[in-house]
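Undergrad: Structure provided below as structure tokens; questions to follow.
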Amino acid sequence: MITKAFKDLAILNAAKRGMPHERICFTPHPVWGKTPEELRVYVDGPDPVSGKPLMKEVTDALTVPLSDDEKKSGTVNVSVGPPTFTDTADNLQEFYLNNGYTDFLPIILPTQEKVEAMLKGTSHKPDEVVGKMAAGAYPAWSYTVRQVAASAVMAGCRPEYFPIVLAIASSGVASLFSSTNSFAFAMIINGPIRDKLEFNYGIGALGPFAQANATIGRAWTLLSKNLGNGGIPGDTYLGSLGNNLNYNNVVIAENEEASPWPPFHVQRGFKKEENVVSLFRGLGVVPGQVARGSSANENVQFDYQLSDLFSTFTGFFGALIIADPLVAVRLKEQGYDTKEKLIAWLYKNTTQTVKDYKSRNYSYLFEYPQALQGREPFATWYKLPDDAVIPHFPRPESFNIVVTGGQTNAYPQAGNLSYGVSISIDKWM
Amino acid sequence: MLSLLGLSPALLAGATAEAQQKKISSKPAKASAAEPRIEGLNPKGTPPPIQLIPMAPRLGSLDGKTVYLVDTGFEGGGFLLNQIQLWFNRNMPSVTVVFKRKAGPYAEDDPALWKEIKEKGHAAIMAIGH
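So, in structure tokens, the structure goes:
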């Protein structure tokens, strides 16, 4: 049983998992927040899809003998169409748009010539399998270097960017996720490749001011749509509001030279001279100017400011500090000579009451079930009295720090984003 | 509805999407006939084949049977199942209804529960909230 809002998702998911005739019954939407009396009306009423009495549908689903179709076994091969399409340039633009291959912005058409040029950006063979990617709970799709190249061309990438796009594709992490929560995704680029490809990590580092930042981020979304079949509203994408960051994701080239701390990839065990892309997933990014004590005077305390920001986040996802170098240097002057010291302080001082914690939707959905299984710290947290004070995030590892920006003002931004994985770019050159 | 990208009734029957896509691709050109035609790559990845799973035989009747109600943990699903349990009590009292919340967050498997249902139950209704 599922609510009517997820009719397409339920039918398609069952079909893709080999049960195209799965007996699914529907209730009105939503069931969340309804009183017992309201839910009884649902149960005693009709299935809003079929119009038949809901419980008659339910009992019939369990008792009516199977049809021949429902007894079928075997293998069904799924085609995504021919390997190429031929038409005029204008018609192909329209064709790619109408078939869901784009982000609804004009693309560079992935002609044979453009794709061949992109393939020269890597030493890997065009038919090498790069990885698998799943759109949410669906079975994963696989893809080759050539298939990745098509999306890289469409996004406007230069061939020299291709190893980064391949590294992202090899992770299997899609930047369009099926959840109703409208997730956002981010990447951190480290290493000498930042300068070689002219990434912007100065003024306007997070804005549309460099081709590498713009197109590599866009490529992640296009390959998520095309290689993982993500981003189909109602089918592989259910985000209620959507997320504007999905157009090209949050691309952060670290300003390693201006940072007082080791770069992000070195913290993750890579050498400084290695080129690495690190991926994050979560809900989005907020500005630091809204926090308490954010006036740019000599007494500004960025540690309290960041803690203030993070206290509004869900602890289910992580806390990513995106610090302008001016912020990072000031924090070091305040005594945080390592990232670890700042993280330890933030973990200890960003707190909540148990009552507030239990009231959060994510706690109920994801952490209460773990508490029931005895997993810490949730098992302990759920046993404490409502007025007990607990950390806002489950562990210090929830926090990460990256430094970027042009030092025109001392402002941080903060992502409610969890670290996922770091991938060597060099392996894809 | 199944004709959304990646799957269609025709595909489930073993056909391909080529005909459908050629139809779209061969729409009359807006530009003049002299405009050159070019070839673009299909950017889609490769979906896995679908292994059809025959559905479990049905019971014929629920009289005297045990039906498990499984709450996956999504919001409101458990409360809905509580009302379904009450409906069975009122309308089909010979049915033994067992309510279970699947262990762990909703995306985690719970093989112990599936084993229990196979051993002790005749049928199961899974409700997904929201």
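Line order of the protein sequences matches chains A and B.
Oh and the first sequence: position 131 is 137 in the working numbering, straight run, nothing missing.
Oh and the second sequence: position 19 is 270 in the working numbering, straight run, nothing missing.
All residues carry an ideal CB built from backbone N, CA and C; glycine is no exception.
1. Could you tell me the distance, in whole angstroms, from the CA atom of Leu46/A to the CA atom of Gly291/B?
2. Tell me which residue opens and which closes the alpha helix (DSSP H) that Glu63/A is part of.
3. So, with DSSP's three-state summary, where would you put Ile301/B?
4. The alpha helix (DSSP H) with Val159/A in it runs from where to where?
5. Could you pull the start and end residues of the beta strand (DSSP E) that Thr94/A belongs to?
6. In the structure shown, what three-state DSSP assignment does Val179/A receive?
7. Phe405/A bridges to which residues according to DSSP?
8. Establish whether the CB of Leu313/B and some CB of chain A are separated by less than 8 Å.
9. Would you list, in chain order, the members of the region 329-341 of chain B that have their beta-carbon closer than 8 Å to a beta-carbon of chain A?
10. Counting only the same chain and skipping the five closest in sequence on each side, list residues whose C-beta sits under 7 Å from that of His35/A.
11. First and last residue of the alpha helix (DSSP H) that includes Asn19/A?
12. Could you work out which residue in Gly127/A, Val333/A and Ala21/A is closest to Gln295/A when comparing CA atoms only?
13. Whose C-beta lies closer than 6 Å to the C-beta of Gly372/B among residues of the same chain, with five residues either side of it excluded?
14. Is the beta carbon of Ala216/A closer than 8 Å to that of Asn205/A?
15. Contact check, Pro334/B vs Val306/A under 8 Å by CB: the rounded distance?
16. On the DSSP letters alone, give me the boundaries of the alpha helix (DSSP H) that Asn83/A sits inside.
17. So, using beta-carbon positions, are Val335/A and Pro266/A closer together than 8 Å?
18. Listing by chain order, which chain A residues have their CB less than 9 Å from the CB of Ala363/B?
19. Would Thr297/B pass as an interface residue toward chain A - the criterion being a Cβ-Cβ separation below 8 Å?
20. Specify the secondary structure class of Ile376/B as computed by DSSP and reduced to three states.
21. Using the beta-carbon count (16 or more within 10 Å), is Asp96/A buried or exposed?
22. Please classify Phe319/A as buried or exposed, where buried requires at least 16 other C-beta atoms within 10 Å of its C-beta.
23. Measure from the C-beta of Trp147/A to each C-beta in chain B and report whether the shortest distance is under 8 Å.
24. Expressed to the nearest angstrom, what Euclidean distance is found between the alpha-carbon atoms of Thr69/A and Ala374/B?
25. If Asn453/A and Gly275/A are in contact, beta carbons under 8 Å, what's the gap, nearest whole angstrom?
26. Tell me the rounded alpha-carbon separation between Thr386/A and Asp309/A.
27. Is Glu370/B close to chain A, meaning its C-beta is less than 8 Å from at least one C-beta of that chain?
28. Determine the closest residue to Asn105/A out of Thr128/A, Pro169/A and Gly237/A, with distance taken between C-alpha atoms.
29. Determine which residues share a DSSP beta bridge with Pro383/A and list them.
30. Is there at least one non-hydrogen atom of the ligand MN closer than 7 Å to the beta-carbon of Glu28/A?
31. Rank Met124/A, Lys361/A and Tyr243/A by C-alpha distance to the C-alpha of Ser185/A and give the top, closest one.
32. Please confirm whether Ala11/A has its beta-carbon closer than 8 Å to some beta-carbon of chain B.
33. Based on DSSP bridge pairs, tell me the residues matched to Gln419/A.
34. Who are the near neighbours of Asn255/A in its chain, counting only those whose CB is closer than 7 Å to its CB and skipping five residues on each side?
35. Determine, using beta carbons only, whether Lys353/B and Asp361/B come nearer to each other than 8 Å.
36. Can you give me, in chain order, the residues of the region 147-179 of chain A that have a beta carbon less than 7 Å from any beta carbon in chain B?
TA: Let me spell this out:
1. Position 40 of the first sequence, counting from 1, holds the residue named residue 46/A. Position 40 of the second sequence, counting from 1, holds the residue named residue 291/B. Here the sequence assigns Arg to residue 46/A, which means Leu is not the residue at that position. Cα-Cα distance, rounded: 55 Å.
2. Within the first sequence, numbered from 1, the residue matching residue 63/A stands at position 57. Where Glu63/A is concerned, the enclosing alpha helix (DSSP H) stretches over Leu60 to Thr69.
3. Walking along the second sequence from the start, residue 301/B turns up at place 50. Residue state, collapsed to three classes: strand.
4. Position 153 of the first sequence, counted from the first residue, corresponds to residue 159/A. Residues Val151 to Ala161.
5. Counting from 1 along the first sequence, the entry for residue 94/A is found at position 88. Run containing Thr94/A: Thr90 to Thr94, per the beta strand (DSSP E) assignment.
6. The residue given as residue 179/A occupies position 173 in the first sequence. Reduced to three states, the DSSP call for Val179/A is coil.
7. Counted from its first residue, the first sequence places residue 405/A at position 399. Paired residue(s): Ala325/A.
8. Here residue 313/B is taken as the residue at index 62 of the second sequence, counted from 1. At a cut-off of 8 Å, the C-beta of Leu313/B has a neighbouring C-beta in chain A.
9. Phe330, Leu331, Asn333, Gln334, Ile335, Leu337 and Trp338
10. As a position in the first sequence, residue 35/A is number 29, starting the count at 1. Once the five neighbours on either side are set aside, the close Cβ partners of His35/A are Thr9, Lys10 and Ala11.
11. Working through the first sequence from its first residue, we reach residue 19/A at position 13. Counting along the chain, the alpha helix (DSSP H) containing Asn19/A begins and ends at Lys13 to Lys22.
12. Start at 1 with the first residue of the first sequence, and residue 295/A comes out as number 289. Out of Gly127/A, Val333/A and Ala21/A, Val333/A has the C-alpha closest to the C-alpha of Gln295/A.
13. Position 121 of the second sequence holds residue 372/B. Within the same chain, Gly372/B has close Cβ partners Thr317 and Tyr319.
14. One-based indexing of the first sequence puts residue 205/A at position 199. One-based indexing of the first sequence puts residue 216/A at position 210. The amino acid at residue 205/A is misidentified as Asn; the sequence shows Phe. Closer than 8 Å, so yes.
15. Mapped onto the second sequence, residue 334/B falls at position 83. Mapped onto the first sequence, residue 306/A falls at position 300. Just to set this straight, residue 334/B is Gln in the shown sequence, not Pro. Contact flag wrong, Cβ pair sits at about 55 Å.
16. Looking up residue 83/A in the first sequence gives position 77. Careful: Asn83/A lies outside any alpha helix (DSSP H) and carries neither H nor E.
17. Translated into the one-based positions of the first sequence, residue 335/A becomes position 329. Translated into the one-based positions of the first sequence, residue 266/A becomes position 260. For Val335/A and Pro266/A, yes; Cβs fall inside 8 Å.
18. Translated into positions along the second sequence, residue 363/B becomes position 112. Simply none; closest approach about 11 Å.
19. Taking the second sequence and counting its residues from 1, one reaches residue 297/B at position 46. Cβ-Cβ to chain A under 8 Å: yes for Thr297/B.
20. Residue mapping note: residue 376/B aligns to position 125 of the second sequence, counting from 1. Here Ile376/B sits in strand by DSSP.
21. For the purposes of this step, residue 96/A is taken as the residue at position 90 of the first sequence. Classification for Asp96/A: exposed.
22. As a first step, residue 319/A must be located in the first sequence, where it is residue number 313. Buried, since its Cβ has 16 or more Cβ neighbours within 10 Å.
23. Position 141 of the first sequence, counting from 1, holds the residue named residue 147/A. For Trp147/A, the answer is yes, since a Cβ of chain B falls inside 8 Å of its Cβ.
24. Looking up residue 69/A in the first sequence gives position 63. Looking up residue 374/B in the second sequence gives position 123. Spanning the two alpha carbons is a distance of roughly 10 Å.
25. Not covered by the structure: residue 453/A. The range shown for chain A is 7 to 435.
26. As a position in the first sequence, residue 386/A is number 380, starting the count at 1. As a position in the first sequence, residue 309/A is number 303, starting the count at 1. Their Cα atoms are separated by approximately 27 Å.
27. Taking the first residue of the second sequence as position 1, residue 370/B is located at position 119. No, its Cβ sits nowhere closer than 8 Å to a Cβ of chain A.
28. Your numbering for residue 105/A matches position 99 in the first sequence. Ranking Thr128/A, Pro169/A and Gly237/A by Cα distance to Asn105/A puts Gly237/A first.
29. The residue labelled residue 383/A in the question sits at position 377 within the first sequence. None, per the DSSP bridge assignment.
30. The model on display carries no ligand, and the ligand MN is accordingly not part of it.
31. In the first sequence, counting from the first residue as 1, residue 185/A sits at position 179. The closest CA to that of Ser185/A, considering only Met124/A, Lys361/A and Tyr243/A, is found on Tyr243/A.
32. Taking the first residue of the first sequence as position 1, residue 11/A is located at position 5. Judged by the 8 Å Cβ criterion, Ala11/A is in contact with chain B.
33. In the first sequence, counting from the first residue as 1, residue 419/A sits at position 413. Pro293/A and Ile328/A.
34. Working through the first sequence from its first residue, we reach residue 255/A at position 249. Within the same chain, Asn255/A has close Cβ partners Ser181, Phe191, Ala192, Met193, Gly223, Trp226 and Thr227.
35. In the second sequence, counting from the first residue as 1, residue 353/B sits at position 102. In the second sequence, counting from the first residue as 1, residue 361/B sits at position 110. A contact, by the Cβ cut-off of 8 Å.
36. Trp147, Ser148, Tyr149, Gln153, Ala156, Ser157 and Met160
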